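Numbering (the working numbering), first residue to last: 8 to 243.
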């Protein structure tokens with residue numbers, strides 16, 4: 008995994024949730040790319056696409072469907088503001104997405120589940136940015152401003168693009184859903200007077216790791232053994 012890795016200790020640890028008798032949230036591994044990197048450097052995807060907002064009309068309360076650059080994924084954006092470049096965005100001084108003002112939010116509804124999401128965080132400040140991942144009606148993971156800030160390093164302070172603020176944090180975050188978990192909806196929310204600015208929304212399908220494939224193969228093998236045993240019993 009590229010970039011600087013930091014594991015979210017469960018975003019709701021399954022074992023702890025079981026002890027407390029509350030629903031467990033998804034297993035998510037979060038990483039942040041090195042300062043100045045505005046796209047994922049991860050590999051191992053069967054499909055990957057990016058919405059850059061560069062060809063979107065600017066303005067408030069925008070709704071549109073993205074195929075993330077020609078993938079089989081379709082994401083319906085609802086209620087998003089698209090801005091052109093300013094002191095808080097965007098990658099390479101181009102358009103970006105924002106939830107602006109107190110109690111504002113926008114949603115990305117996918118046409119099918121994914122197990123990877125990534126985005127470029129712009130100008131993180133103010134303590135009012137929240138991110139949620141949903142699968143149907145179930146909340147599978149949630150990050151607060153403090154969670155997002157915890158992945159930033161001193162090197163992520165300040166924009167790598169000229170003319171933009173140098174007093175806030177910029178960095179690309181990777182969200183990897185493991186153990187068969189996935190999401191089909193993302194909600195960007197802002198609860199304060201500032202905004203939640205982001206760019207390069209990235210949707211992907213991660214191929215299971217070798218250990219996962221080994222478990223699947225073992226599982227198929229056990230199913231085959233049971234089937235053969237049942238056949239022999241039936242013949243007998």
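For every residue, glycine included, the Cβ atom is placed at its ideal position computed from N, Cα and C.
All values reported here derive from a predicted model rather than from experimental measurement.
> Considering residue 84, what are the terminal residues of the beta strand (DSSP E) in which it resides?
Replying inline: 82 to 90
>> Less than 8 Å between the C-beta atoms of residue 135 and residue 178, yes or no?
In response: no
> Which residues in the same chain have their Cβ closer than 7 Å to the Cβ of residue 195, if we skip the five residues on either side of it in sequence?
Replying inline: 106, 112, 113, 138, 203 and 205
> When the Cα atoms are used, what is the spatial distance from residue 49 to residue 56?
Replying inline: 13 Å
> Thinking C-alpha only, which one of 80, 197, 82 and 103 is nearest residue 89?
Replying inline: 103
>> The beta strand (DSSP E) that contains residue 137, what's its start and end?
In response: 136 to 142
> Helix, strand or coil: which one does DSSP assign to residue 103?
Replying inline: strand
> Beta carbon of residue 108, beta carbon of residue 197: below 8 Å?
Replying inline: yes
>> When you compare the CB positions of residue 212 and residue 121, do they come within less than 8 Å of one another, or not?
In response: yes
> Within 10 angstroms of its Cβ, does residue 161 collect 16 or more other Cβ (buried), or is it exposed?
Replying inline: exposed
> Hey, quick one: how far does the beta strand (DSSP E) through residue 152 stretch, first residue to last?
Replying inline: Per DSSP, residue 152 belongs to no beta strand (DSSP E); it is in the alpha helix (DSSP H), 152 to 156.
> Can the beta-carbon of residue 184 be found closer than 8 Å to that of residue 35?
Replying inline: yes
> Near residue 97, which residues of its chain fall below 6 Å by C-beta distance, leaving aside the five closest residues on each side in sequence?
Replying inline: 103 and 206
> Where does the unbroken beta strand (DSSP E) through residue 175 begin, and where does it stop?
Replying inline: Unbroken run through residue 175: none, as it is neither H nor E.
>> Between the alpha carbons of residue 124 and residue 101, how many angstroms are there, rounded?
In response: 21 Å
> Cα-Cα, which of 176, 190 and 192 is closest to residue 43?
Replying inline: 176
>> Rounded to whole angstroms, what is the Cα-Cα separation between residue 54 and residue 65?
In response: 28 Å
> How far does the beta strand (DSSP E) with residue 213 in it reach, from first residue to last?
Replying inline: 202 to 213
> Relative to the C-alpha of residue 159, which residue among 181, 115, 116 and 62 is closest?
Replying inline: 181
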